[in-house]
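Novice: Per the numbering used here: the sequence shown ends with 172, consecutive numbering throughout.
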Amino acid sequence: MELTVNMLGWLGRPKKAVNAQIIKFNRFNVTFNSRCKLKPDQLILINIAQGTHTIREVSARVENCERCGPHYQTQVRFVLERPDKQPYREAITILKAIELGMPASIRAPLHMQAS
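1. Note down the Cα distance separating T109 from S116, rounded to an integer number of angstroms.
2. By the DSSP assignment, the beta strand (DSSP E) with E120 in it spans what residues?
3. Between V75, H128, R113, which lies nearest to I191 when the distance is taken from Cα to Cα?
4. Helix, strand or coil: which one does DSSP assign to S162?
5. Pick from I163, T131, R124: whose alpha carbon is nearest that of V62?
6. Could you tell me whether the Cβ atoms of I79 and I155 are closer together than 7 Å?
7. Just how far apart, CA to CA, sit L60 and P140?
8. How would you call N76, buried or exposed, if buried means at least 16 neighbouring beta carbons within 10 angstroms?
9. Does the Cβ of L102 have 16 or more other Cβ atoms within 10 Å, making it buried, or fewer, making it exposed?
10. With burial defined as no fewer than 16 other Cβ atoms inside 10 Å of the residue's Cβ, what is the status of T88: buried or exposed?
11. For the beta strand (DSSP E) containing K81, list its first residue and its last residue.
The structure is reproduced here in structure tokens:
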């Protein structure tokens with residue numbers, strides 16, 4: 058499984074992707090380690106490739122970021138709603154497929170979502 062993170066720069070343009078290591082994942086949020094220190098409420102873009110499923114530049118909002126040894130452990134919630142408040146059904150379908158293909162050790166129970 059591959060996970061990369063793009064921080065957004067000036068005018069909302071994505072900066073160069075940074076590799077990250079997934080700790081926990083479900084279709085609503087992901088916890089990962091990376092070298093990036095992110096701020097709560099910061100908007101980022103997540104790219105995930107797992108098996109035959111790939112999703113690029115899905116928006117996510119930082120919930121929490123703490124130093125964890127030489128890295129930062131970050132928890133984000135995917136932004137799965139369009140500006141008109143309608144869900145991004147395609148993204149939700151792909152994230153669900155990725156979640157189902159994850160090893161049980163990485164899959165976060167849905168009732169343990171970040172609030």
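All residues carry an ideal CB built from backbone N, CA and C; glycine is no exception. Computed from a prediction, not measured in an experiment: that's the story for all the values here.
Specialist: Let's see:
1. Cα to Cα, the separation comes out at about 21 Å.
2. Per DSSP, E120 belongs to the beta strand (DSSP E) from 110-125.
3. Only positions 58 to 172 of the chain appear in the structure, and residue 191 is not among them; the question remains open.
4. Here S162 sits in coil by DSSP.
5. Closest by alpha carbon: T131.
6. Their beta carbons are not under 7 Å apart, which means I79 does not touch I155 by this criterion.
7. Going by the C-alpha atoms only, they are around 25 Å apart.
8. Exposed: under 16 other Cβ atoms inside 10 Å.
9. Counting the other Cβ atoms within 10 Å of the Cβ of L102 gives 16 or more, which makes it buried.
10. The residue in question, T88, is buried, as its Cβ has 16 or more Cβ neighbours within 10 Å.
11. If you look at K81, you'll find it in the beta strand (DSSP E) that goes 75-82.
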